[in-house]
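All residue numbers for the sequence shown refer to this note's numbering, where the first residue is 107 and numbers rise by one.
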Amino acid sequence: MKKPSFAKVAKNMATASTSKAILNQKTPAKKLARRKQHLAVVRPINENETSTNTRACVQKNIDINQVKIGIKKVAPIKKGGIIIEAVEEDDLDKLIKELQNNPIIASNYKIGKPLKRKPHFICYGVSEELTADAMKANIMHQCHIDPENSGAINIVHSYKELVFCNQEMVIIKAQLGDHDTLLISTYCPPNKDLDINLGIIRAHIHNNMQCPIVLLGDFNAKSRVWGQRNLDERGSKLLTLCQQLDLSIENQPNSPPTYSSSRGDSWIDLLISKNLDSALSLEISDHITNSDHNLLIIRHLDTLPQGQDSRKIKINSSNWISIKTRISNILWNQPNTANMTIYELNSLIEEIQKNIFSTLAKPCNTSSNNGQINKTKKSAIWWTKELGIKRSKTRALRRCFQKERDLVIRVRKKEIFKRNFAEYKKMILLTKKEKFKTFVQEITNNSLFGNFYDIINDKRKRKIIHKPIFDSTGNLTSSINDAHKAILDYHFPWTVDNNTMVLSSPQYFDLPDFTPITITEVEGVINRVKPRKATGIDDIPGEIVKELLFGNKTWFTQLLNSLLSKGTFPAIWKSARVVLIEKEGKTLDHPSHFRPICILPCWGKILDKILTERLAYHLESANILSDKQFGFRRNKSTILAIKNIMATSKKHLTCIISIDMSNAFNSVNWRLLKQKIDRLDIPSYLKVAIFSFLSERSASLHHTSKDYNEGVPQGSSLGPVLWNIFIDEILRLDFGSNVKIQAFADDLLLMIQEPATHCFTQSSKVPLRILANWINDHCLTINYDKCCFTVLSAKRFSHIPSIKID
């Protein structure tokens, strides 16, 4: 009987995903019918019985030969039962009747037929008018369904759309990155005319000329373009098609063969693409498999968000002289920025960043790539020289048996290869165990909480693969982009209340109280920039920004003075690249289960740090902030905060109540923050610069970008200081003589002193009500699940107070 082709299987499974549908229809004639089994189940009423005792009881009380019943086999099952398979249906009926009529068996055992298993997939609400053909049609179009249409099934994040299917070719549409991509998989037999399949491919590419296309196929064609075989007729036809349709062949001519067998090596498996705004790479692996076709590893480099250049400036020691020379050329003819308007300053910064890419990206990357040619790939920590020798021997034995044409000798060589392959895998396991023990011992001896801690918590190169999450409406997202949008909406909100207030700074020129930035001040900030830090959406590393300063210190400092004196912060420096870190122990189906890390442009961080240091100086020198805040301040720490708590509770019975706020930093209301900053006794240029710093901010997560107008900007130096300003008022509230409050960043502590523990229940009500009202009035939210309290006492106490937040 002929097996169904891959194309037929793909067509039947195209939209069913991992679900299975059971339809009431006749089995095709060609399909092999499943053998029907005639089974009876005997289970003991007493749960302590065993299957052996059950079988012995049945054999003792029922004489199979006397009643003439055909039995095929008897097998034990769970809970002390047995299952008996009869030859025919009549034998099964006789067996069940004999078992039920026997008083000993009937009184101690349950007899019956096994129940049918539940199907993997059940579709409810199907009317009698719905036919099997209509049901299949609805499933085949599941990506374009009407939820109210009977028989329709919606599978979240399903993206497959079948375009064409026959015995030798499958064409579907799938989402790669932000685009619907046409994926073509084909096999062209060597004994069949290639023009037929090329004609089908040509027609579908013509119908999708603007669509990204990825073609994977075994064309059985030869050419020096993709292999080490001379051009043949099939290869000539395929090359003509690629030239006419502007297709790009991703295979490299010097790559290893894609197929190895007793008939030799060949390069017949091809990867072809079109209209891709991102990179495809093909790697032919020499890993041992059970197929004559070698393993093909295809990598797709996703596109970057709009406005972000895909090129990266890579730096190594071999290209520093070229970088310094080119940066000097960029800064040589830059204009005087003292008399420029805010618009002209923003345009100048954008133009310089473009010049950096056009001037530095290509030579830096070329030098970096050249430097990597001689680099050898680092082996795993468990890899040894003996494993390398064993691997080489195993691969040689595989090649030896694959190329053998004599069938008898081929079988013998294959057995030798498999035996060596099993020894090689066992050798790997034993070496891994031994080497890992040694590795753990070494790193724990060096640093108990260093590398080993990171490995256990899997904090290195973590990649989050999103599944459907609940958005703000409570519905599951239906695509990756929708999931990213829901996460950005949660962590970077946009509120109408803040939108009514314009935070952008006016077109000031030379604010009267502005103190110019000095070169020494800039050098002190830029020298603290750590090398090899992640870059923002401008992709300019901190090392390049340092060279901009040292290339022309006077001009660089003048540019920052021009920006700060006019109270403006360039918009191009206010766009953050977001990286998500999943929270431990969370189900990852809600935006709150992710912690966003914002990466800002390195150049903008210089002005950000200067602005922060000047603001912090005025706040600390004038004692504007409360001494009860221990977070984000110099000469303050957790140790001092703990000492303050212990000093408070040293002489009195003290109840400490910890108040946690949900998503606190991202929930700061800009309108309220502006009002608090307006009341501060700080220079006006700082106020105007802060308002400009807060306005027109955006965050980008892969292909999704979003503007926001709430929360202190994450990843910035100024954000924590703004939080301290926002929360300072609550630390000055009057809670009573026996109540003290202190804070460490966004964690608030109430310390209540009473002579006895039962007094805390009543005395905590008013302070907690005052605290809760202030938090609600300032658009913040208490996380009741994380709020807790404890009682500090030198003596044991028996009464536990009841603390409640109204």
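Each residue gets a CB set at the ideal place from its N, CA and C atoms; glycine is no exception.
| Item | Value |
| --- | --- |
| Between which two residues does the beta strand (DSSP E) holding L898 run? | 894-898 |
| Consult DSSP for V628 and reduce its assignment to one of helix, strand or coil. | helix |
| Mapping the DSSP letters down to three states, classify C249 as helix, strand or coil. | Here C249 scores only 46 on pLDDT, less than 50, and its place in the model is too uncertain to base an answer on. |
| Can you check the stretch 179-222 for any alpha helix (DSSP H) of at least 4 residues that lies completely inside it and give the ranges in chain order? | 195-207, 209-214 |
| Buried or exposed: T744, going by 16 or more other Cβ atoms within 10 Å of its Cβ? | exposed |
| Is the beta carbon of L874 closer than 8 Å to that of D912? | yes |
| How would you label T606, buried or exposed, when you count the other beta carbons within 10 angstroms and need 16 or more for buried? | Note on T606: pLDDT 42, under 50, position unreliable in the model; no value is reported. |
| Whole angstroms are fine: how far does the CA of N769 sit from the CA of S928? | Given that the chain is displayed from residue 107 to residue 912, the structure contains no residue 928 and the question cannot be resolved. |
| For Y530, tell me which candidate among Q547, R497, K543 has the shortest Cα-Cα distance. | R497 |
| Going by Cα to Cα distance, which pick from H724, K524, H758 is closest to S790? | H724 |
| Of all the options S671, D813, I650, I586, which has the alpha carbon lying nearest to the alpha carbon of A682? | D813 |
| Under the DSSP definition of a beta bridge, which residues are partnered with Y814? | R803 |
| To the nearest angstrom, how far is it from the Cα of A309 to the Cα of A327? | 20 Å |
| Who does C704 pair with in a DSSP beta bridge? | V684 |
| From H144, A243, A280, pick the residue whose C-alpha is nearest to that of G218; which is it? | H144 |
| Give the single residue among I290, K639, V276, G710 whose Cα lies nearest to the Cα of E456. | G710 |
| Hey, how far is the Cα of A900 from the Cα of I788? | 45 Å |
| Is L402 near D375, with beta carbons less than 8 Å apart? | yes |
| Please work out which residues of its chain come closer than 8 Å, Cβ to Cβ, to F738, disregarding the five sequence neighbours upstream and downstream, and give them in chain order. | P826, V827, W829, N830, A851 |
| Can you give me the C-alpha to C-alpha distance between L536 and K543, rounded to a whole angstrom? | 11 Å |
| Based on Cα-Cα distance, which residue from T863, L786, P819, M315 lies nearest to E835? | L786 |
| Just verifying my parser: in three-state terms, what is the DSSP assignment at S724? | The sequence shown places His at residue 724, rather than the Ser named in the question. In the structure shown, H724 sits in a helix (DSSP, three-state: H, G or I). |
| Quick check on this structure: which residue in T887, D891, T896 has the alpha carbon closest to the alpha carbon of I858? | T896 |
| Using alpha carbons as the reference points, say which of F523, N297, L746, W373 lies closest to W332. | W373 |
| Assuming A181 and I175 are in contact, meaning their beta carbons sit under 8 Å apart, how far apart are those beta carbons, in whole angstroms? | A181 to I175, Cβ: 17 Å. No contact. |
| What are the complete alpha helix (DSSP H) segments, minimum 4 residues, inside the stretch 760-789? | 776-784 |
| For the alpha helix (DSSP H) containing M752, name the first residue and the last one. | 744-754 |
| Taking contact to mean 3 or more Cβ pairs, one atom from each stretch, closer than 8 Å, check whether the stretch 671-680 and the stretch 436-452 are in contact. | yes |
| In chain order, what residues of the same chain lie with their CB nearer than 6 Å to the CB of P318, ignoring the 5 residues before and after it? | H285, T287, N381, L382 |
| With H, G and I counted as helix, E and B as strand and the rest as coil, what does DSSP make of E860? | strand |
| By DSSP's criteria, D371 is part of a beta bridge. Which residues make up the other side? | S366 |
| State yes or no: is the beta carbon of Y791 nearer than 8 Å to at least one beta carbon in chain C? | Of the protein chains in this structure there is only one, and it is not chain C. |
| Would you mind giving the Cβ-Cβ distance between P363 and N336, rounded to the nearest angstrom? I have them listed as a contact below 8 Å. | Wrong, their Cβ atoms sit about 15 Å apart, outside the cutoff. |
| Please identify the residue among D883, N526, L513, D338 whose C-alpha is closest to the C-alpha of T500. | N526 |
| Does DSSP put A849 in a helix, in a strand, or in coil? | strand |
| Could you tell me the alpha carbon to alpha carbon distance between S379 and L321, rounded to whole angstroms? | 6 Å |
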